[in-house]
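Q: Sharing a structure here in structure tokens format.
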Amino acid sequence: MSLHYLNTAELHSALTEGRLSSRQLTTACLNRIEMLNPSLNAFISVNADQALLQADRVDEKRRRGERVGVLGGLPLALKDNICQKLVPATCGSRMLQNFRPPYNAHVTERIEAEDGVIVGRLNMDEFAMGSSTETSFAGPSLNPWNRQRTAGGSSGGAAVAVASGMVPLALGSDTGGSIRQPASFCGVVGMKPTYGLVSRYGLIAYASSLDQIGPFSRDAFGAGLLLQAIGGHDSRDSTSIPVSAPSIEEIMAGVPGKLRVGIVDEHFGEGLQPEVGDCVRQAIAELEAAGATVSKVELPHSKFSIAAYYLIACSEASSNLARYDGIHYGHRADQFSDMTDLYCQSRGEAFGPEVKRRIMLGTYALSAGYYDAYYLKALKVRRRIREDFDRAFQSVDIIAGPVAPTPAFPLGEKLDDPLTMYLCDIYTISANLAGIPGISVPCGFTSDHLPVGLQFLAPELQDSRLLQAAKLFQQRTKWHEQHPELS
Amino acid sequence: MSSLSYTVIIGLEVHTQLRTRSKLFCGCSTDFRPDAPNSQTCPVCLGLPGALPVMNRKAFELSVRTALALNCRIAEFTKWDRKQYYYPDLPKAYQISQYDLPFSSGGWLEIAADDPGEPVRRIRITRAHLEEDAGKNIHDETGRGGDSMVDLNRTGTPLLEIVSEPDLRSAAEARRYLEEMRTLLLFIGVSDCNMQEGSLRCDANVNLHIHHADGSKTATPIVELKNMNSFRNVELAIEYEVKRQASQWQKTGQKIGDVPKQTRGWDAERGVTFAQREKEESSDYRYFPDPDLVPVVLTVQQIEDARKQLPETPAVRRDRFQNQLGLTAYDAAVIIDQGPEMTQYFEHTAQLCGDGKTAANWVTQDILRDLNAAGTPVSEFPVTAEILGTLLNWIREGRLTTKSARDVYSVLKEQAASGQSIAVGDIEVIVRERKLETVRDTGALQAAIAAAIAAKPEAAADVKSGKHAAAGPLIGMIMKQVAGADPKAVRELLLKTLADS
Ligand SMILES: [Zn+2]
């Protein structure tokens, strides 16, 4: 049987028991990348030599009977905004096309310490701004289920790589849905952990108070394993919470007791494509059949979440991206008349239209005279959204609903219509605003055979509960074992 | 034209680099290394993508200490804000600073008035806040149009900004404020205040209140003065600016609000201030809370603990030197203005010799003179406080005359100058070798007195009859006989002997 679609637990035990070497598995992944990437465009760069070296190191450790880390030689890939020493981190932007960070992100160090094998770097929307991976300077990643469709975004490359069996695991980042939405579009598991559970040190920032690194996998086991490897306190990130990540044993132990599931009316209202709604409702019925209780909860301020999100995210982005000035690193224009012109030309040439749009929006929102009406107001909404969740989670353990209003949409459909594109994040954004964890789990297909995702949200630091619920769902369904036809 | 009457209004912004080993938000060294540009940098202070700041608690501690010494209120909740502007020496394109919730506010610093007879002046401090320093742009000064360079060694060094109210009324007063501020910062050990290395910098906001015949006043436009790299230049620049503004008022009649706030630099060579090009968009820094940092929360208890641990301020120490050690206000000020090292030298000396006044006399005269002549700091002065204090104690105990002690001091310095190391024990050796010890053996002294009276009977008779001036030659003879005799004791014994005879 081909290795590409073995579930992560099987791959992990095959490695652990020595039935499979990390070199064999890594080689298989590299071959598949070589075969599929030219058409799917999931990877921006692949580091085969480095990956095989690392795989051999892990195999050698195992052969000598030394302790092997929790990742046990599993190959994986990183979104192109996560720093890896001296490996280009482009962020999907011409601005950083030749930028090689001189240091490792915290998660990169953790993966190396836990014996993961990094095979390459994944395509993304430019600076993680987008919901389709179409704003990447490297061109869009294509949805493996239908190549006329987008992969979702901004971590589209990661979703495609996992869905097409190029790698069993990947890391993405989620600022407003950038892990969960592409996971939903590509039919894989994607998780945004609690804000502060995974260190952002070495994650190239889009919106600092919302960005969170998280795992992609085809199953809850893989996501849990990778979260265990990368999660936990890091003193280099002031917003890192001093706790450790949930262990894979804790996750695999399953839901303790009866799961109380909350549903929100607004998640099933106007804008939700009926077929998506049907899949999600069926999934919730499946949970009920498994013994869960389902009740309604209210999130009255969630209707303001998109407005609040775009003000906060763009404000922070306008500041975070100001450093790309053509002076210290990154793209510098060839022609300029003076210092100010150097800034203008360099930024003008290297940023794409969506990035420019968000920088301008954020700059405006932070300007004197507008700050109170926009940024400050958005922060107040954000507090209300958080309070809504606190109240809702008094009566339920998790909230279940759709990840996105539609399945993967056609390439180019929304690229010139930013407002419609922004609505892709309508169900995912409030988790980022509230700092709570969320996960997307495959829960069915539309009549066009496009995957649909089910979203679970849990209270802050209840990341294990989220994964336990995902595991429960995957025990009873086979959606995650469906794979796109690829040749 | 009638002469113009006005009040000078000055507020100062002092920036001081805090003496921490590492930078404010990363672990890089804060050493001044202009010789090795960009050697003290890391992803955080280079502002590289993905790097994150973590606050240096030591820097915050030193800031709180300073604010407490300046009698400020300490906030229980303070946050970090991004001040955004583009400049090549600012690699993140924002400076992490504090905007609307600084960690301290509402303090004061007392300085002497222009007229020493007047009571001290209390200058109010608006606020003190902590921020990160920027790097340095280095331009080709050969005139050949070479590339400009950026040195980021200084980027991220903790910088405390201390803003005064516009309470200063003269250039001399502004200078005294800076001197007192510097002394304070040195004494509480928060900064080395080296203006050449840029660890103490100052901007001044200056304008005039013009007095009219009817008693009303008009404020002239406020000008911000920059690039003044010494206290003397601050004083000169303000003096110049006051005159310039007065004549500008007479020429244009412009009052505050008529023109935008102007920034002027100081040209020390030509002795003039000049208008600087305004920083573009400088009016809107788009401050907002830095999402990469968490607010700093202090409990009342922590603030009180910091207050208890506050070192003695120069003002308190000046009082103590006067009240406990009997120093004059002048001597106390002279010693303390020399800085903490000299003050410690004095205190140690005074403690060993047991007499503050004698210690002060020696320190403010002999020691300061010799230090200035040698151009060395007191820490490198061979006659340590231990040696000097012991020597002065010999005077107090009557074992040495002041004159002999000066001789010993000279010998000690000569020995040190010739490369010998000197120690407390050398005092005894020198005194013995040179027979400098005060003779307390009255037998020898009596014999010498008798011999002198016998040798100069006329002089002795004159003295006995009340012409005390005639005692000089007799005392001289006696002193020649008995080296190390205390002239005062000799004189007393001579008079007594003659009176009794
Ligand atoms: Zn540094």
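Heads up: the sequence lines are chains E and R, in that order.
Under the working numbering, residues 15 to 501 are what the first sequence spells out, in order.
Under the working numbering, residues 31 to 531 are what the second sequence spells out, in order.
Cβ coordinates follow ideal geometry from the N, Cα and C atoms, glycine included.
When Cβ atoms are compared, which residues of the region 38-69 of chain E fall closer than 7 Å to chain R?
A: Against chain R - using a Cβ distance shorter than 7 Å - the region 38-69 of chain E contributes no residues.
Q: When the Cβ atoms of the region 416-433 of chain R are set against those of the region 388-408 of chain R, are three or more pairs found closer than 8 Å?
A: Flag = yes, the region 416-433 of chain R and the region 388-408 of chain R touch.
Q: Using 6 Å as the cut-off, classify the Cβ of residue 236 (chain R) as near or not near the heavy atoms of ligand 1, replying yes or no.
A: No; taking the cut-off as 6 Å, the Cβ of residue 236 (chain R) has no heavy atom of ligand 1 nearer than that.
Q: Of all Cβ atoms in chain R, is any one closer than 7 Å to the Cβ of residue 450 (chain E)?
A: Answer no: the Cβ-Cβ gap between residue 450 (chain E) and chain R never drops below 7 Å.
Q: If you check the beta carbons only, do residue 240 (chain R) and residue 291 (chain R) fall under 7 Å apart?
A: Cβ atoms of residue 240 (chain R) and residue 291 (chain R): not closer than 7 Å.
Q: Should residue 310 (chain R) go down as buried or exposed, given a rule of 16 or more other Cβ atoms within 10 Å for buried?
A: Note that residue 310 (chain R) has pLDDT 46, beneath the 50 cutoff, so the model's placement of it is unreliable and the number below is only indicative. Exposed, by the Cβ-count rule.
Q: Just checking: is the beta-carbon of residue 341 (chain E) within a distance shorter than 7 Å of some beta-carbon in chain R?
A: Answer yes: the Cβ-Cβ gap between residue 341 (chain E) and chain R drops below 7 Å somewhere.
Q: Please confirm whether residue 333 (chain E) has its beta-carbon closer than 7 Å to some beta-carbon of chain R.
A: Interface residue, yes.
Q: Below 7 Å CB to CB, which residues in the same chain sit around residue 54 (chain E) once its five sequence neighbours on both sides are set aside?
A: 155, 156, 158, 174 and 178, listed in sequence order.
Q: For ligand 1, is there a heavy atom less than 6 Å away from the beta-carbon of residue 56 (chain R)?
A: Yes, since a heavy atom of ligand 1 falls inside the 6 Å radius drawn around the Cβ of residue 56 (chain R).
Q: Where does residue 229 (chain E) fall in DSSP's three states?
A: In the structure shown, residue 229 (chain E) sits in a strand (DSSP, three-state: E or B).
Q: Just the C-alpha distance for residue 48 (chain R) and residue 184 (chain R), rounded to the nearest angstrom, thanks.
A: The alpha-carbon atoms of residue 48 (chain R) and residue 184 (chain R) are separated by roughly 12 Å.
Q: State the beta-bridge partners of residue 37 (chain R) as determined by DSSP.
A: Answer by DSSP bridge pairing, in chain order: R:239.
Q: Just to make sure I have the definition right: I need the residues of chain E whose C-beta is within less than 9 Å of the C-beta of residue 372 (chain R). Which are they?
A: Per Cβ cutoff of 9 Å: no residues; residue 372 (chain R) is ~41 Å from chain E at best.
Q: Compare the beta carbon distance of residue 106 (chain E) and residue 30 (chain E) with 7 Å and say whether it is the shorter of the two.
A: No, Cβ-Cβ distance for residue 106 (chain E) and residue 30 (chain E) is not below 7 Å.
Q: Can you tell which of R:379, R:425, R:370 and R:220 has the C-alpha that lies nearest to the C-alpha of residue 407 (chain R)?
A: Minimum Cα distance to residue 407 (chain R) is reached at R:370.
Q: Would you check whether ligand 1 has a heavy atom nearer than 6 Å to the C-beta of residue 133 (chain E)?
A: Not under cutoff, so the answer is no.
Q: Is residue 74 (chain R) near ligand 1, in the sense that its beta carbon is under 6 Å from a heavy atom of that ligand?
A: Flag set: Cβ of residue 74 (chain R) near ligand 1.
Q: Should the region 192-203 of chain E be called in touch with the region 31-43 of chain R, which here means at least 3 C-beta pairs below 8 Å?
A: Verdict: no, contact absent.
Q: Identify every residue that forms a DSSP beta bridge with residue 220 (chain R).
A: Looking at the DSSP assignment, residue 220 (chain R) forms no beta bridge with any residue, so it has no partner.
Q: Pull out every residue of the region 108-136 of chain R whose Cβ sits closer than 7 Å to any Cβ of chain E, in chain order.
A: Listed by position along the chain: 112, 114, 116, 118, 121, 122, 123 and 124.
Q: Along chain R, which residues have their Cβ under 7 Å away from the Cβ of residue 218 (chain E)?
A: Within 7 Å Cβ-Cβ: 79 and 80.
Q: Could you pull the start and end residues of the beta strand (DSSP E) that residue 167 (chain R) belongs to?
A: Element bounds for residue 167 (chain R): 166-168.
Q: Are any of the Cβ atoms in chain R nearer than 7 Å to that of residue 431 (chain E)?
A: Cβ-Cβ to chain R under 7 Å: no for residue 431 (chain E).
Q: Helix or strand or just coil, what does DSSP make of residue 52 (chain R)?
A: In this structure, residue 52 (chain R) counts as strand in the three-state DSSP scheme.
Q: Excluding sequence positions up to five away, which residues of its chain have a Cβ less than 7 Å from the Cβ of residue 52 (chain R)?
A: Excluding positions up to five away in sequence, the list reads 58, 59, 60 and 86.
Q: Rounded to whole angstroms, how far is the Cβ of residue 181 (chain R) from the Cβ of residue 68 (chain R), which I believe are closer than 8 Å?
A: Going by Cβ atoms, the distance from residue 181 (chain R) to residue 68 (chain R) rounds to 6 Å, so yes, they are a contact pair.
Q: Do residue 164 (chain E) and residue 425 (chain E) count as a contact pair if the criterion is CB distance below 7 Å?
A: Going by C-beta atoms, residue 425 (chain E) is nearer than 7 Å to residue 164 (chain E).
Q: Can you list, in chain order, the residues of the region 109-123 of chain E whose Cβ is nearer than 8 Å to any Cβ on chain R?
A: Taking 8 Å as the Cβ-Cβ cut-off against chain R, the residues of the region 109-123 of chain E that qualify are 110, 113, 115, 116, 117 and 119.
Q: Since residue 179 (chain R) sits in a beta bridge, which residues does DSSP pair it with?
A: Beta-bridge pairing links residue 179 (chain R) to R:168.
Q: DSSP state of residue 258 (chain R), grouped into three classes?
A: Residue 258 (chain R): coil per DSSP, three-state reduction.
Q: Quick one: which chain R residues come within Cβ less than 9 Å of residue 253 (chain E)?
A: Ordered by position in chain R, the residues that pass the 9 Å Cβ test against residue 253 (chain E) are 82, 321, 322, 323 and 324.
Q: In whole angstroms, what is the alpha-carbon distance linking residue 72 (chain E) and residue 163 (chain R)?
A: Between residue 72 (chain E) and residue 163 (chain R), the C-alpha separation is close to 45 Å.
Q: Does the distance from the C-beta atom of residue 290 (chain E) to that of residue 416 (chain E) stay below 7 Å?
A: Yes, the pair counts as a contact, with Cβ atoms nearer than the cut-off.
Q: What number of angstroms, rounded off, separates the C-alpha of residue 330 (chain E) from the C-alpha of residue 311 (chain E)?
A: Cα-Cα distance, rounded: 31 Å.
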